[in-house]
Amino acid sequence: MENTSQETQSFQQNQDIGQGRGVYISTYGCQMNVNDTERMHSLLEMQNFTPVENPEDASLIIINSCSVREKPVHKVYSEVGTFRKMKDKNPNLKIGVGGCVGQQEKENLIKNQPMIDFVFGTDQIDNLPQMVAKAFEGERRQINAKFEHRAPYHIETMVRNPGVATFVNITKGCDNFCTFCVVPYTRGREKSRPLQHILTDIRHLVKRGVKEVTLLGQNVNSYKAEEGLDFADLLAKVATDTDIERIRYTTSHPKDFNQKLADTMAAHQDKIMEYVHLPFQSGNTRILDRMNRNYTREHYLEKIAMLKKTIPNLVLSTDIIVGFPGETEEEFRDTVTLVEEVGFETIFAFKYSPRPFTKAAKFEDQVDEDVKTERLNRLFDAHDKMAFDLVKRYEGQTMRVLVEQADREFGKIQGRSTSNKLVHFLGSADLIGKTVDVKITKAFPATFRGELV
Ligand code: 5AD
Ligand code: SF4
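If you want the numbering used here, it's the 1-based position in the sequence shown plus 7.
What follows is the structure, given as structure tokens:
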């Protein structure tokens, strides 16, 4: 009995810890990180913290950052410097670092920046309330970065104001170990959520007004349900067994993108959007091998041909790394020609950046920074030349656009076409959440302008 009442008391204290306190979370990185921040805010709201727009108004600051490339890691350290000055003025301010940087840096963060109160890893978000409570009780230097290897991946999607389009995690972690990538180390082993949990989540979101979900995972194609069902089966179930209007997903790995998945997309085109983000990383087979990607240039092109044949109006985007260790000028050119051959309207390209724990960071033939910069610029130039022309064909076409929000420009609204293009047009905010026909008047590679039909 005594135990129970102590627990109740400590739970109540826990619940009140945020009373009269503001929380600011600084987020950067992928959609997974943005989703994690939503989860943190939801958990902290249960402790009565109030989210604030400005770090100066906060009693609790959390940095939730990405470590996939070096730049965001530097940004964390510089942000910590800024927040440290605030802490000098207000010693009661608590500062925590989470996300992939927390997972990667663990005790290093506190060693380098002793004013950090707590560090937590990507598998420890649900323990945030306890860490925060302890921090406000005066405990310093908490580090909580264990992976829950044995625990099944049972979470409930937590979004405070889901809006029209939202994200639902279906897998976490990654077992692919591409030699450049830190994710297997920062997000741990790959795990899938039970299929019924995902369907229940989506049904709840539909009740809250959500019209579109993006199923999220580092490598969605390797989703495995307990019932032996795969990702294509999951997509089909979401399409047939829930009332969600639009389904998207990201990210796919070319090595396991199969005909069944393409067929499922084609069979449910009314709900599954005709857009695929399929990172190829390099257009050269020797580099792909060194990246441990498990496909060749030819295999990639075959997959693209299969996809375009099965879903003729498909729109593709991709991720690319330039200046991977050992990449020669000729091998880099293979990347440029692959972009041209596939005709990507959108690319996300990055200079290779060595990451801790990864194999490629130890390769001895690292490419000079100047060469990487020059190649990246050349790649963007080549893409620009092509993409402006490619998207011209959309001008005059009418697209089905799900209106997501009001535009910054007065009187305008914005939404996404089925092919994932951001479209801006004149219209009333009453249309938010509705799908309307919009005629495209001007097409740029990333955004379109149009008018309501
Ligand atoms: N350096 C540069 N880019 C990287 N990416 C992942 N790891 C690295 C790295 N070490 C890119 C890949 C991936 C995207 C999310 O980030 O292109 O698809
Ligand atoms: Fe990283 Fe490769 Fe896994 Fe993607 S598939 S998260 S690039 S290791």
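By construction, the Cβ of each residue, glycine as well, lies at the ideal position given by its N, Cα and C atoms. Given the structure is predicted, the values throughout are model-derived calculations rather than measurements.
In the DSSP assignment, find the beta strand (DSSP E) that holds S424 and state where it starts and stops.
K419 to S424
Is S289 near ligand 1, with its Cβ less than 7 Å from a heavy atom?
no
Touch test, the region 76-90 against the region 39-52, Cβ-Cβ under 8 Å, three pairs minimum:
no
Enumerate in chain order the residues of its own chain whose CB-to-CB distance from K449 is below 6 Å, with the five nearest sequence positions on each side excluded.
R456
Roughly how many angstroms separate the alpha carbons of P361 and E77, rounded to a whole number?
7 Å
Please classify G195: is it buried, with 16 or more other beta-carbons within 10 angstroms of its beta-carbon, or exposed?
buried
Per DSSP, cross-strand counterpart(s) of F432
I420 and G457
Alpha carbon to alpha carbon, what distance is there between N183 and R157?
19 Å
Three-state secondary structure (DSSP) at A413?
strand
Can you say whether V460 is buried or exposed, counting buried as having 16 or more other CB atoms within 10 angstroms of its CB?
exposed
Among K379, L202, A368 and N134, which has the Cα closest to the Cα of F339?
K379
Return the chain-ordered list of same chain residues with a C-beta closer than 6 Å to the C-beta of Y192, the five sequence neighbours on each side being excluded.
F364
Once you ignore the five residues that flank I447 on each side, which residues in its own chain have a CB closer than 8 Å to its CB?
Y401, E402, G403, Q404, T405, M406, V430, F455, R456 and G457
Out of I162, F187 and D23, which one is the CA nearest neighbour of F357?
F187
Determine contact between the region 284-301 and the region 322-338, defined as no fewer than three beta-carbon pairs at a distance below 8 Å.
yes
Is it buried or exposed, S12, if we count other Cβ atoms within 10 angstroms and call 16 or more buried?
At S12 the pLDDT is 46, less than 50, meaning the model places this residue with poor confidence; the figure from the coordinates comes in the next sentence. With fewer than 16 Cβ atoms within 10 Å of its Cβ, S12 is classed as exposed.
Which residues mark the beginning and the end of the alpha helix (DSSP H) in which I117 is found?
E114 to N119
So does the region 383-391 actually touch the region 103-118, counting three or more Cβ pairs closer than 8 Å?
no
Using a Cβ-Cβ cutoff of less than 8 Å, which residues in the same chain neighbour Q266 once the five nearest sequence positions on both sides are dropped?
M313 and T317
Could you tell me which residues DSSP puts in a beta bridge with A172?
E219
For Q38 and L223, what's the separation of their Cα atoms in angstroms?
8 Å
Tell me which residue opens and which closes the alpha helix (DSSP H) that T44 is part of.
Q38 to M53
The beta strand (DSSP E) with S259 in it runs from where to where?
No beta strand (DSSP E) contains S259, which DSSP labels as neither H nor E.
I311 beta carbon less than 8 Å from that of Q279:
Checking the sequence, you will find Ile at residue 279 rather than Gln. Not in contact: I279 and I311 (Cβ atoms no closer than 8 Å).
Quick check: what's the CA-CA separation for G65 versus E281?
Correcting the residue identity first, residue 65 is Ala in this sequence and not Gly. Their backbone Cα atoms lie some 42 Å apart in a straight line.
Where Q16 falls: helix, strand or coil (DSSP)
Low confidence applies here, because Q16 scores a pLDDT of 46, under 50, leaving its location unreliable and the question unanswered by this model.
Inspect the beta-carbon positions of G301 and L268 and report whether they are closer than 8 Å.
Residue 301 is actually Asn in this sequence, not Gly. No, the Cβ-Cβ distance between N301 and L268 is not below 8 Å.
Taking its Cβ as the centre, do 16 or more other Cβ atoms sit within 10 Å of Q203, making it buried, or is it exposed?
exposed
Completely contained beta strand (DSSP E) runs for the region 140-211, where each covers 3 or more residues
149-151 and 172-176
Would you say K218 and L383 are within 8 Å of each other, going by their C-beta atoms?
no
Name the residue from I420, A453 and S426 whose alpha carbon lies nearest to the alpha carbon of L438.
I420
Contact check, T221 vs T178, beta carbons under 8 Å:
no
Residue environment, S72, which counts as buried when at least 16 other CB atoms sit within 10 Å
buried
When the Cα of K244 is compared with those of P98, P201, Q225 and G145, which residue comes out closest?
P201
If you draw a straight line from the C-alpha of P58 to the C-alpha of K315, how long is it?
45 Å
Would you list the residues whose beta-carbon is nearer than 6 Å to any heavy atom of ligand 2, in the order they occur in the chain?
C181, N183, F184, C185, C188, V190, P191, Q225, N226 and H260
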